[in-house]
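Just so we're aligned, residue 1 is where the sequence shown starts under the UniProt record's numbering, counting upward by one.
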Amino acid sequence: MTYLGPSGSQIGHKESIKDTARVLGRMYDGIQYRGHGQEVVETLAQYAGVPVWNGLTNEFHPTQLLADLLTMKEHLPGKAFNQMTLVYAGDARNNMGNSMLEAAALTGLDLRLVAPSACWPEAALVETCTALAKQQGGKHHPDGRYRRGGERRRFYLYRRLGLNGRGEGKMGRTYRPAARLSG
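In structure tokens form, the structure reads like this:
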């Protein structure tokens, strides 16, 4: 394993991303990219010739969701993801919100986003993931409400809205859920 940070690599500066991908693909059996743009990890994947995975970009954070899903399975051995519910209360207009939508769509997980509509992921991603979730037997509830019911096991994640400066302008104030979620 080798770490190439911004100061130790010319990726995208003196060397093109394509050329860097080709060289790294000859040197390593796999590449994890952790950086800013999603387009960089996609270009690496296209030209490296070895597996490339997204460790974190501004748009997605799938390795965190993989860890979260494995933790859920560890706590509920024998349960399928389509028998679990993930409730996320907070600003979902970020890489975690996007990755939660994708993970739920691919696994059949019941995802509940509790936030005003101004804090949901982009509509096109919600639409794509909702259609995929239906094929996998999952559900998305990006409607700002949380309803209890059934005997499914739930996992709760919370992130205060408006802390990153995006919430104040669009919503007029920082959003705080009126009710506290409990198991």
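Cβ atoms here follow ideal geometry from the backbone N, Cα and C, with glycine treated the same way.
Inter-residue spacing [alpha-carbon to alpha-carbon] between residue i and residue j
i	j	result
A21	T85	38 Å
Y47	E127	30 Å
Q136	E15	41 Å
L69	G49	28 Å
A92	L111	12 Å
L106	G90	22 Å
Under the three-state DSSP convention, the category residue i falls into
i	result
G90	strand
Y47	helix
H140	strand
I31	strand
M84	strand
L69	helix
G25	helix
G55	strand
E15	strand
L111	strand
K79	coil
E122	coil
G37	coil
Where residue i falls, given that 16 or more other Cβ within 10 Å makes a residue buried
i	result
H36	exposed
G25	buried
residue 185	Because the chain is modelled from 1 through 183, residue 185 falls outside the range shown and cannot be assessed.
A131	exposed
Y88	buried
T57	buried
T71	exposed
Integer Cβ distance of residue i from residue j, believed to fall under 8 Å
i	j	result
H140	A104	6 Å
CB contact check: residue i to chain C, cutoff 8 Å
i	result
K79	This model lacks chain C altogether; it includes just one protein chain.
Is the segment 55-71 in contact with the segment 91-100, if contact means three or more CB pairs nearer than 8 Å?
-> yes
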